[in-house]
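Residue numbers (our numbering), protein chains in the order written: chain A, 18 to 379; chain B, 14 to 297.
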């Protein structure tokens with residue numbers, strides 16, 4: 018079991034730059050999710066790790082071994098594809114054993130491995146079927162089985178769940194998580210689904226335009242997004258992003274939003290804030306609270322309600338804030354009580370502050 | 014009677030008349046081949062044979078005169094088999110490998126090569142006949158069985174390569190990627206993954222190439238040499254003889270005999286072809 022190190026990876030298709038000097042360090046036994054919108058280069062990065070694509074420049078290391086120019090077969094990786102990519106003319110059993118047969122594994126050993134994997138994934142009854150005779154979920158299991166049948170140094174997943182229906186997706190997500198715990202293997206997983214990223218990953222690399230925007234644990238990604246892009250990509254609905262101006266005098270630092278002042282004395286600024294700096298204030302819907310106007314007069318701000326969305330466990334209330342829209346999360350009972358205006362409060366200790374120009378976290 | 018039914022009747026009328034159009038000449042040939050010469054001279058070409066006899070068929074096969082020799086067209090049949098079988102096997106095999114290489118592996122200059130192939134399929138044979146004769150004799154294969162096979166394979170390759178290129182281009186790349194991850198190399202992937210997906214396309218290619226090579230006259234006449242003249246050339250010698258009596262019954266029998274193998278290939282591979290299409294339609 019080894020980690021993966023990618024150093025300054027560059028790759029272009031024609032005039033389009035897909036990987037733009039990307040570096041990434043994956044520790045052994047980590048479950049790293051590559052998250053980003055389509056076309057951001059995450060799948061290319063996975064193919065590069067697998068050896069299916071070659072780099073224009075840069076280095077890939079598995080542990081101490083430089084594998085940049087190695088063929089996929091030599092790298093000892095296993096991969097699950099979005100389309101499953103099962104061999105259509107082979108039975109499930111032949112699909113599972115293909116890699117072992119290519120490696121010249123003795124027949125008895127192959128039989129034992131196939132039986133073991135079929136047991137784990139509950140596909141014993143399907144061994145003699147062809148892929149065309151399987152349902153989507155069953156094909157997915159076979160595809161995963163084909164990956165885990167070998168003791169791979171690294172397991173790669175390319176959006177493996179996106180062709181499944183919602184219920185099955187949640188089930189398979191759980192199974193993948195368990196699989197990772199049981200195999201204690203290094204896994205790299207590509208998705209554009211931020212819920213998959215949050216639930217599965219030990220660390221998430223958010224990728225945009227062939228570069229890494231942020232590489233951190235899921236909770237850090239959620240609580241302290243490094244850029245406006247990450248803030249807008251992770252979470253559902255995403256972080257409220259409000260334009261504001263940073264103010265400071267001798268003692269106080271605050272953000273001036275339309276109509277209210279948000280104290281920022283406790284905010285851990287990475288660099289010394291300057292007065293008049295244009296900023297973007299980010300706040301999660303659950304970090305905006307209903308304020309009891311009667312108890313604390315002068316606290317909070319009165320805003321008109323646009324829409325109430327019931328999500329079952331909670332409700333999302335959309336309000337008008339200046340010229341921007343604001344999502345506020347609250348319990349269903351509270352949402353039922355509100356009329357056409359509410360008074361809200363910002364939990365200033367939970368805000369994220371970004372520079373409006375560079376879109377980087379301040 | 015509603016419109017759909019009228020349409021259906023029209024369809025059958027058309028199908029039956031089209032079938033008759035193509036079957037009447039065949040009937041005339043078969044009927045004539047079973048008649049004696051006297052009967053042919055006496056009756057209409059559409060009349061059924063009065064005393065059917067296979068005499069003309071055995072003459073055509075083993076004793077009719079084709080030029081100087083009078084062994085029938087059976088030597089030509091065996092020559093054609095010797096030319097066609099290796100030509101078809103080699104060109105289909107190489108075409109499949111070429112198509113696989115060009116469509117599924119990144120090869121430098123593949124697009125240029127495909128453009129050249131495309132152009133190659135349009136070149137009329139007559140233009141390159143003379144240089145080709147020079148070339149084949151320069152490598153010492155002129156007037157020989159390998160010579161004519163070589164030429165047939167070369168001329169079959171552009172269209173067969175494009176055929177397989179198109180088909181393999183429709184196979185999802187992920188399947189190739191999966192096989193590479195599983196440790197397969199070029200040949201093992203071709204053999205174990207791609208070839209089993211190809212029976213339908215191979216049937217198409219075999220039909221195409223078999224028909225082309227078996228029916229070929231020009232290359233056989235020029236490159237095969239006196240000892241390996243194919244059936245088509247011998248048929249021509251038999252039918253176009255410039256002396257003696259025209260033995261229409263023998264001519265007809267010889268012609269049907271010459272056409273029979275291609276019909277047989279259609280009948281046999283056509284079945285595989287349909288099955289291959291059905292197998293190729295499933296999604297993996």
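Where is the CB? At the ideal position from N, CA and C, for every residue including glycine. Bear in mind the structure is a predicted one, so any value in this text is a computation, not a measurement.
Here the segment 155-174 of chain B lies against the segment 208-225 of chain B, with 3 or more beta-carbon pairs under 8 Å apart. Looking from the CA of residue 55/A, the closest CA among 263/A, 273/A, 260/A and 211/A belongs to 211/A. Contact of residue 89/A with chain B by beta-carbon distance below 7 Å involves 193 and 194.
Taking 9 Å as the CB threshold, residue 80/B stays off the interface with chain A. Counting only runs of 3+ residues, the beta strand (DSSP E) found wholly inside the segment 133-175 of chain A occupies 171-175, in chain order. Residue burial is scored here from C-beta neighbours: residue 82/A has fewer than 16 other C-beta atoms within 10 angstroms and is therefore classed as exposed.
When DSSP reads this structure, residue 336/A sits in a beta bridge with 322/A and 343/A. Residue-level contact by beta carbon holds for residue 99/A and chain B, with a gap shorter than 9 Å. Taking a Cβ-Cβ threshold of 8 Å, the residues of chain B close to residue 116/A are 194, 195 and 196, in chain order. Nearest C-alpha to residue 226/A among 202/A, 43/A and 52/A: 52/A. Between residue 232/A and residue 215/A, the beta carbon gap of about 15 Å keeps them out of contact (Cβ cut-off 8 Å). In the three-state reduction of the DSSP assignment, residue 231/A falls in the strand class, which pools E and B.
The segment 138-156 of chain B makes no contact with the segment 110-129 of chain B; the number of CB pairs closer than 8 Å stays below 3.
For residue 291/A and residue 371/A, the gap between their C-alpha atoms comes out near 13 Å. Closer than 9 Å to the CB of residue 183/B there is not a single CB belonging to chain A. In this structure residue 75/A touches residue 25/A by the C-beta definition: roughly 5 Å separates them, less than 8 Å.
For the segment 50-77 of chain B, the set of residues with a beta-carbon nearer than 8 Å to any beta-carbon of chain A is empty. The Cβ-Cβ distance between residue 96/A and residue 63/A falls below 9 Å. Proximity of the segment 226-236 of chain B to the segment 134-146 of chain A falls short of the contact definition, fewer than three beta-carbon pairs being nearer than 8 Å. Within chain A, the residues whose beta carbon sits less than 7 Å from that of residue 188/B are 102 and 104, listed in sequence order.
Looking only at 363/A, 328/A and 102/A, the smallest Cα-Cα distance to residue 349/A is reached by 328/A. If you draw a straight line from the Cα of residue 46/A to the Cα of residue 289/A, it is about 38 Å long.
Contact between residue 193/A and residue 165/A fails: their C-beta atoms lie close to 11 Å from each other, not under 8 Å. In this structure, the alpha-carbon of residue 60/B lies about 59 Å from that of residue 123/B. Think of a sphere of 7 Å around the beta carbon of residue 119/A: the chain B residues whose beta carbon falls inside it are 195, 196, 197 and 201, in chain order. Under DSSP, the beta-bridge partners assigned to residue 280/A are 271/A. Shown here for residue 102/A: same chain residues with a beta carbon closer than 8 Å to its own, the five before and five after excluded, namely 160 in chain order.
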